[in-house]
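J.: Protein sequences appear in the order of chains P and F.
Count the first sequence with UniProt numbering and you get residues 1 to 343, in order.
Count the second sequence with UniProt numbering and you get residues 1 to 343, in order.
C-beta atoms are modelled at their ideal positions from N, C-alpha and C, and glycine is treated no differently.
These figures come from a predicted structure and were not determined experimentally.
Structure incoming, see below.
Protein chains: 2
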Amino acid sequence: MASRKIRNMEEFAEVSGISRPTVSKYFNDPESVRKSTRARIEEALETYDYRPNIYAMNQNRRLTKNIGIVVPYLADPFFAEIARVIENHVIEAGYRPILLSSHGDTTQEIENLDSLRTIRPAGVLMAPLGRASDRTALEDFCKSVPTIMFDSYISGLGDAFVGHDNELSTELICDYLCRSGEPPAFFEMRTPTNPNAYRRRNTYVSTMEKLGHDPHLIQVEGDDWEFERIGMEGGMKVISEHNLPSNTILCSNDRLAIGLLAAAYQKGLRVGHGAGCALRIAGHDNHPWSQFACPPLTTVSQDYSAIAARSVELLMGVIESGERPESHEEIFFEGKLFMRESA
Amino acid sequence: MASRKIRNMEEFAEVSGISRPTVSKYFNDPESVRKSTRARIEEALETYDYRPNIYAMNQNRRLTKNIGIVVPYLADPFFAEIARVIENHVIEAGYRPILLSSHGDTTQEIENLDSLRTIRPAGVLMAPLGRASDRTALEDFCKSVPTIMFDSYISGLGDAFVGHDNELSTELICDYLCRSGEPPAFFEMRTPTNPNAYRRRNTYVSTMEKLGHDPHLIQVEGDDWEFERIGMEGGMKVISEHNLPSNTILCSNDRLAIGLLAAAYQKGLRVGHGAGCALRIAGHDNHPWSQFACPPLTTVSQDYSAIAARSVELLMGVIESGERPESHEEIFFEGKLFMRESA
DNA sequence: GTAAAAACTTTGCGGGCGTAAAAATTTACG
DNA sequence: CGTAAATTTTTACGCCCGCAAAGTTTTTAC
Numbered sequence: 001m002a003s004r005k006i007r008n009m010e011e012f013a014e015v016s017g018i019s020r021p022t023v024s025k026y027f028n029d030p031e032s033v034r035k036s037t038r039a040r041i042e043e044a045l046e047t048y049d050y051r052p053n054i055y056a057m058n059q060n061r062r063l064t065k066n067i068g069i070v071v072p073y074l075a076d077p078f079f080a081e082i083a084r085v086i087e088n089h090v091i092e093a094g095y096r097p098i099l100l101s102s103h104g105d106t107t108q109e110i111e112n113l114d115s116l117r118t119i120r121p122a123g124v125l126m127a128p129l130g131r132a133s134d135r136t137a138l139e140d141f142c143k144s145v146p147t148i149m150f151d152s153y154i155s156g157l158g159d160a161f162v163g164h165d166n167e168l169s170t171e172l173i174c175d176y177l178c179r180s181g182e183p184p185a186f187f188e189m190r191t192p193t194n195p196n197a198y199r200r201r202n203t204y205v206s207t208m209e210k211l212g213h214d215p216h217l218i219q220v221e222g223d224d225w226e227f228e229r230i231g232m233e234g235g236m237k238v239i240s241e242h243n244l245p246s247n248t249i250l251c252s253n254d255r256l257a258i259g260l261l262a263a264a265y266q267k268g269l270r271v272g273h274g275a276g277c278a279l280r281i282a283g284h285d286n287h288p289w290s291q292f293a294c295p296p297l298t299t300v301s302q303d304y305s306a307i308a309a310r311s312v313e314l315l316m317g318v319i320e321s322g323e324r325p326e327s328h329e330e331i332f333f334e335g336k337l338f339m340r341e342s343a
Numbered sequence: 001m002a003s004r005k006i007r008n009m010e011e012f013a014e015v016s017g018i019s020r021p022t023v024s025k026y027f028n029d030p031e032s033v034r035k036s037t038r039a040r041i042e043e044a045l046e047t048y049d050y051r052p053n054i055y056a057m058n059q060n061r062r063l064t065k066n067i068g069i070v071v072p073y074l075a076d077p078f079f080a081e082i083a084r085v086i087e088n089h090v091i092e093a094g095y096r097p098i099l100l101s102s103h104g105d106t107t108q109e110i111e112n113l114d115s116l117r118t119i120r121p122a123g124v125l126m127a128p129l130g131r132a133s134d135r136t137a138l139e140d141f142c143k144s145v146p147t148i149m150f151d152s153y154i155s156g157l158g159d160a161f162v163g164h165d166n167e168l169s170t171e172l173i174c175d176y177l178c179r180s181g182e183p184p185a186f187f188e189m190r191t192p193t194n195p196n197a198y199r200r201r202n203t204y205v206s207t208m209e210k211l212g213h214d215p216h217l218i219q220v221e222g223d224d225w226e227f228e229r230i231g232m233e234g235g236m237k238v239i240s241e242h243n244l245p246s247n248t249i250l251c252s253n254d255r256l257a258i259g260l261l262a263a264a265y266q267k268g269l270r271v272g273h274g275a276g277c278a279l280r281i282a283g284h285d286n287h288p289w290s291q292f293a294c295p296p297l298t299t300v301s302q303d304y305s306a307i308a309a310r311s312v313e314l315l316m317g318v319i320e321s322g323e324r325p326e327s328h329e330e331i332f333f334e335g336k337l338f339m340r341e342s343a
């Protein structure tokens, strides 16, 4: 049926036989109206296609249904994946996700926050750049918008933090590597932007000392998010100069490890734990690519689906309670060891 | 100075000494007011921090400044990269990018279009899923919103298409492979979702025939976007069954090739063009990962920065002219050969 | 210096919806 | 069946800005 064009809520209210304020209430929360009313509205919704003007809604509501999601670098499939899962949870909760990437850039991160401010989001889920973040700008933002931080821990920021237990996972893989061969050296960026990297480094050092081994740090240069390149170029240099302190290398993350694998390949070093292998290489994160590396990468996973679910859950709690929490909750999820061929 | 809080454009107009309609005009397009007026507004903008309410603006403007960007699968760094470049161009042009991913799913693609409809975008840049797309839904959308399609060619859809010249690039790499060794077999998904894949297959076949060789298709199963897994599992099978018709394999894209590399590695086949190598493998796209594969992947690039720039340029043309073009322009950019160690 | 053009001001309307308060209706429950 | 509670209707206002028309001022051009 070529039914009448509905221009606004007034007209829709008319054809559905319900008053406009009640219809408005329905669209704000379908559960807030009587079942019989809901049925009549939904019936009308099926014959006439009408959707409230989102701009008019957002202009007048105290709170929009927008949830900002900010990740530091979207071209990294890890963040793309976690963002996707978060998006789904947000939609599930009846909100509208707005995905922004900081592209590894401080200015962009601040612009993202500015951009979010103009859309007055109900809340924000943010994985900050880390060291490169402008702490003052973030603090300022968190004051005005309920914000849950995830992935990168920056102390005290936001209403809560949800992330990965780097201490536990680093200990786990150090233990494994020491048990199964030569104690590892630690391969990392000299000045990583991500705070997780510092925690992994520190835990590596303390675990090695606990196990009675000398820790060795291999620190390569690089300050952008092209970790594979940084790992490869740094790796080429270290291998060329015969500066490998051990035949076992634990990398700060999988992307660096993939770069190091490429370097080893090009230098003719066979990687693995089998006979005839010159080098063992392990990573951290169980990155989507790690299982397709040559050889497949031994690593320790992040429980990103738990991180995503819990972050959204916490944010919803803050939003729906209507008040900011006094305490700053911090939640860390455990990783699991993935033993593959590389170490 | 703890200056007066500005609540709306009325108040801002007052403190800036300019009338509200003129201020409104300024925010719509700063160039549209006299230089002296612009200076006074911008001066006021520095002491008072005011930004127009974006919802009120969008509600009342004939056209919003929103530009939708839809990609089929954001966890693929190729799309993440091209989306980033497009975003920048869009911002540069004074518009507001809204990035959406279809996550490889038809339903999600339709939902993205629905979601875009509610925000009444000035235009949309869309890379469709391809075969999995709901053509009717896309056509319907394109009728109501100026849309430029990119990457995946679906005939006649949208106001224009911008993409990669698959014929030329496939010919290029076929030529190279034939010239430098055994003629290649073609490794692909049996029923790829992406139309580019079909073009590459057809061009492979015709090029081989032109060069006087028998074409061989190796078609593996899989219908999602986890190309590495599909390539690896398919590759393992083919290698196990000794079904490789040539020692040279041209893959339909780099991600499949990376999967095939992993399979070859695990089967103990040395890949490369040097002495002692059992297999040559080449890809297509010059994917961000391809240079870090073991060995680095020989491939042919897509000129994604040209594709991004041109897409935005065309869309701006349509938007700013205010009328939809009659002809359906189709633009294809050339790729370049990247000779690395894998073939 | 003058006329025309351009830019600005004033005034006023309209968009589509949230929300509040009082009145009317429906439902629940004994 | 009657009453209280829950829900809906009616009425009215407000949000913040785009836009248009008519009148005024400033700039440009000759």
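DSSP state of GLY259(P), grouped into three classes?
T.: Of the three classes helix, strand and coil, the one that applies to GLY259(P) here is helix, per DSSP.
J.: Throw me the rounded Cβ distance for the SER32(P) and MET9(P) pair, which I believe falls under 8 Å.
T.: About 16 Å separates the two Cβ atoms, so there is no contact after all.
J.: Measure the alpha-carbon distance for THR299(F) versus ALA80(P) and round it to whole angstroms.
T.: Taking the straight line joining both Cα atoms gives about 25 Å.
J.: Please work out which residues of its chain come closer than 7 Å, Cβ to Cβ, to LEU157(P), disregarding the five sequence neighbours upstream and downstream, and give them in chain order.
T.: Cβ within range, chain order: LEU138, GLU139, CYS142, MET149.
J.: Using a beta-carbon distance cut-off of less than 7 Å, what residues from the stretch 216 to 242 of chain P approach chain F?
T.: Residues passing the 7 Å Cβ filter: GLU228, MET232.
J.: Could you list which residues in chain P have their beta carbon closer than 7 Å to that of PHE338(F), in chain order?
T.: The contacting residues do not exist; PHE338(F) stays about 15 Å from chain P at best.
J.: Helix or strand or just coil, what does DSSP make of residue 395(P)?
T.: Outside the displayed range of chain P (1 to 343) lies residue 395(P), so it cannot be described from this structure.
J.: Count the C-beta pairs between the stretch 305 to 324 of chain P and the stretch 258 to 266 of chain P that are closer than 8 Å, then say yes if the count reaches three, no if not.
T.: These segments do not touch.
J.: For ASP254(P), is the beta carbon positioned less than 7 Å from some heavy atom of the ligand SAM?
T.: The ligand SAM is not among the ligands present in this structure, which contains no ligands whatsoever.
J.: When you check each C-beta in the stretch 117 to 140 of chain F against every C-beta of chain P, which residues fall closer than 7 Å?
T.: Hits within the stretch, in order: THR118, ILE119.
J.: Pull up the DSSP beta-bridge partners for THR299(F), would you.
T.: According to DSSP, which records beta bridges pairwise, THR299(F) is partnered with PHE338(F).
J.: In terms of residues, what are the limits of the beta strand (DSSP E) holding ALA75(F)?
T.: Taken as a continuous stretch (DSSP letters only), ALA75(F) belongs to no beta strand (DSSP E), as it is neither H nor E.
J.: Are the C-beta of TYR26(P) and some C-beta of chain F separated by less than 8 Å?
T.: By this cut-off, TYR26(P) is not an interface position.
J.: Name the DSSP beta bridge partners of GLU330(P), please?
T.: DSSP output for GLU330(P) lists PHE161(P) as bridge partner(s).
J.: At the level of alpha carbons, what is the spacing between ALA56(F) and LEU129(F)?
T.: Roughly 34 Å between the two C-alpha positions.
J.: Output yes if chain F places a C-beta closer than 8 Å to the C-beta of ASN58(P); else output no.
T.: True, the Cβ-Cβ gap to chain F drops below 8 Å.
J.: By DSSP's criteria, ILE148(P) is part of a beta bridge. Which residues make up the other side?
T.: Note: ILE148(P) sits in a beta bridge opposite LEU125(P), ALA160(P).
J.: Could you name the residues of the stretch 254 to 276 of chain F whose beta carbon sits closer than 7 Å to any beta carbon of chain P, in the order they occur along the chain?
T.: Answer set for the stretch 254 to 276 of chain F: ILE258, GLY259, LEU261, ALA262, TYR265.
J.: Over what stretch of residues does the beta strand (DSSP E) that includes THR193(P) continue unbroken?
T.: No beta strand (DSSP E) contains THR193(P), which DSSP labels as neither H nor E.
J.: By how many angstroms is the C-alpha of ASP165(P) removed from the C-alpha of SER101(P)?
T.: Going from the Cα of SER101(P) to the Cα of ASP165(P) covers about 24 Å.
J.: In this structure, does DSSP put ILE18(P) in helix, strand or coil?
T.: Of the three classes helix, strand and coil, the one that applies to ILE18(P) here is coil, per DSSP.
J.: Under a CB-based cut-off of 8 Å, is TYR304(F) close to chain P?
T.: Judged by the 8 Å Cβ criterion, TYR304(F) is not in contact with chain P.
J.: Any idea what DSSP makes of ASP134(P), helix, strand or coil?
T.: ASP134(P): coil per DSSP, three-state reduction.
J.: Below 7 Å between beta carbons is the criterion; list the residues of the stretch 35 to 58 of chain P that meet it against any residue of chain F, in chain order.
T.: Against chain F - using a Cβ distance shorter than 7 Å - the residues of the stretch 35 to 58 of chain P are ARG51, ASN53, ILE54, TYR55, ALA56, ASN58.
J.: I'd like the list of long-range same chain contacts for LEU168(F), defined as Cβ closer than 6 Å, with 5 residues on each side in sequence excluded.
T.: Taken in chain order, the residues that qualify are GLU334.
J.: Ends of the beta strand (DSSP E) at ALA282(F)?
T.: 280 to 282 is the span of the beta strand (DSSP E), which, as asked, contains ALA282(F).
J.: On the DSSP bridge assignment, give the partners of SER101(F) in chain order.
T.: DSSP output for SER101(F) lists VAL71(F) as bridge partner(s).
J.: I want to see whether chain P comes within less than 8 Å of GLU81(F), judged by CB atoms only; does it?
T.: With 8 Å as the cut-off, GLU81(F) counts as an interface residue toward chain P.
J.: Near residue 349(P), which residues of its chain fall below 6 Å by C-beta distance, leaving aside the five closest residues on each side in sequence?
T.: For chain P, the structure presents residues 1 to 343; residue 349(P) sits outside this window and is missing.
J.: With a threshold of 8 Å between beta-carbons, can residue 354(F) be considered close to chain P, or not?
T.: Outside the modelled stretch of chain F, which goes from 1 to 343, sits residue 354(F), for which no answer is possible.
J.: What does a CB cutoff of less than 8 Å around GLU188(F) pick up in its chain, not counting 5 residues either side in sequence?
T.: Cβ neighbours of GLU188(F) beyond the five flanking positions: ALA197, ARG200, ARG201, LEU217, ILE218, GLN219, VAL220, CYS251, SER252, LEU256.
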